[in-house]
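*Asks:* Numbering (the working numbering), first residue to last: 13 to 163.
A virtual CB, placed ideally from N, CA and C, is assigned to each residue, including glycine.
Quantities reported herein were computed from a predicted structural model and do not represent experimental measurements.
Below are the structure tokens for one structure; questions will follow.
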């Protein structure tokens, strides 16, 4: 199997990489695992300027509110449907749709359907930390910081 990730042209936006890979399941579908215990994920590529993750989502699985530790990024839904919430809006994303975000973006993503979903995520620069948050009546409360060596 050939996964075309490292040959992405320099200067390509994370959204373009995510959309391109999401539209080419023949390059990665054999890698996907479905786990009812927790979201499954695999890093497909790590370079100096970006990294790419493949994530599968079973019904009910969610990230909780989090940021990307100063990295900008994008994710594209490859199969199924995902729900994204930020502090101002909730949106449903189906296969072929994507979201792009800047370095201070906080959101949560989850599968609220009754079928599995798969998404491709691209971060630039590669993630070093992520902060987890709880949404309270008073706003977001930072719960924890995760480091890349914990994934």
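1. In terms of residues, what are the limits of the beta strand (DSSP E) holding residue 66?
2. From residue 51 to residue 123, what does the alpha carbon distance come to, in whole angstroms?
3. State yes or no: is the C-beta of residue 115 within less than 8 Å of the C-beta of residue 83?
4. Considering only DSSP beta bridges, list what residue 153 is partnered with.
5. Buried or exposed, going by whether 16 or more other CB atoms sit within 10 Å of the CB of residue 13?
6. Buried or exposed: residue 159, going by 16 or more other Cβ atoms within 10 Å of its Cβ?
7. What is the DSSP secondary structure of residue 83, counted as helix, strand or coil?
8. Per DSSP, residue 92 is paired with what?
9. Which whole-angstrom value is the C-beta distance of residue 86 and residue 110, which I expect to be below 8 Å?
10. Buried or exposed for residue 89, going by 16 or more other Cβ atoms inside 10 Å?
*Replies:* Concretely, from the data shown:
1. For the purposes of this step, residue 66 is taken as the residue at position 54 of the chain shown. Note, residue 66: beta strand (DSSP E), 63-69.
2. Residue mapping note: residue 51 aligns to position 39 of the chain shown, counting from 1. Residue mapping note: residue 123 aligns to position 111 of the chain shown, counting from 1. Near 10 Å, if we compare the C-alpha coordinates of residue 123 and residue 51.
3. Counted from its first residue, the chain shown places residue 115 at position 103. Counted from its first residue, the chain shown places residue 83 at position 71. Yes, the Cβ-Cβ distance between residue 115 and residue 83 is below 8 Å.
4. Along the chain shown, read from residue 1 onward, the residue named residue 153 stands at position 141. According to DSSP, residue 153 bridges with 146.
5. Taking the first residue of the chain shown as position 1, residue 13 is located at position 1. Low confidence applies to residue 13: its pLDDT is 38, below 50, so where it sits in the model is not reliable enough to give any reading.
6. Translated into the one-based positions of the chain shown, residue 159 becomes position 147. Burial call: exposed.
7. By one-based count along the chain shown, residue 83 stands at place 71. Residue 83 falls in the coil class under three-state DSSP.
8. Taking the chain shown and counting its residues from 1, the one referred to as residue 92 is at position 80. DSSP, once it has assigned bridges, lists no residue as partnering residue 92.
9. Counting from 1 along the chain shown, the entry for residue 86 is found at position 74. Counting from 1 along the chain shown, the entry for residue 110 is found at position 98. Confirmed, about 6 Å.
10. Position 77 of the chain shown, counting from 1, holds the residue named residue 89. That one is buried.
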